[in-house]
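First the structure, in the form of structure tokens, and then the observations on it.
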Amino acid sequence: MADTLYNLSLGVLPRLYLGLSRLWFGSCRERIYGFEGVTPWLDRGPVVVCCWHYSVLYTLHHLRRYPAAVMVSASRDGEYVARITERMGHFPVRGSRNRGGPGALKGMLKAMKEGYNGGIIGDGSQGPPGSCSPVSS
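No gaps in the numbering here: position 45 of the sequence shown is 45 in the UniProt record's numbering, and each next residue is one more.
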């Protein structure tokens, strides 16, 4: 039963989020300063875009015209983000620091060689928010 609900939610929630986010972001007035300096880099590509967790949804929305290979957690919850990312025109690469990271990095490099931009979250899933932590070996 739980798997059935999970599979059903995977079909419904990403679509629901995309519809609501289009309404929400479409109704916002935005002033973006300095983006004119970024656009030429994105047009030439590939580049790596890094943002914090709190801004990932807006960043994916705002950069939807610039397809990117985006590193998404390999966890079960990450499947929602992967499906949203894919429906926005990006290419999800599954993995994280503790689960499939080297494979995800190889997948991202391969996608970037094919012309995709890259996208990562700087503060990772373990936090602290808004701070990059060194990777321990």
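Cβ coordinates follow ideal geometry from the N, Cα and C atoms, glycine included.
Taking 8 Å as the limit between beta carbons, can you name the residues of its chain near A82, skipping five residues before and five after? Within the sequence shown, the letter at position 82 stands for residue 82. For A82, where only same-chain residues beyond five positions count, the Cβ hits under 8 Å are V72, P92, R94.
- Query: Looking at C-alpha atoms only, which residue of R97, Y80, L109 is the closest neighbour of G11?
  - Reply: Locating residue 11 in the sequence shown gives position 11, counting from the first residue. Nearest C-alpha to G11: Y80.
Does DSSP put A104 in a helix, in a strand, or in coil?
Here residue 104 refers to the residue found at position 104 when the sequence shown is read from its first residue. Three-state result, A104: helix.
Contact set for P46: own chain, Cβ-Cβ below 7 Å, skip 5 residues either direction: Mapped onto the sequence shown, residue 46 falls at position 46. These residues qualify, in order along the chain: M112, G115, Y116, N117, G118.
Check your understanding: When we look at the beta-carbon of Y6 and count the other beta-carbons within 10 Å, is it buried (16 or more) or exposed?
Key -> Taking the first residue of the sequence shown as 1, we reach residue 6 at position 6. The residue is exposed, with fewer than 16 neighbouring Cβ atoms inside 10 Å.
query: In its own chain, which residues sit with a C-beta less than 8 Å from the C-beta of R76, not counting the 5 before and 5 after it?
result: Numbered from 1 along the sequence shown, position 76 holds the residue referred to as residue 76. Around R76: Y6.
| Cβ-based neighbour list, L105, same chain, cut-off 6 Å, excluding 5 preceding and 5 following | The sequence position of residue 105 within the sequence shown is 105, counting from 1. Excluding sequence neighbours, L105 sits near nothing in its chain.
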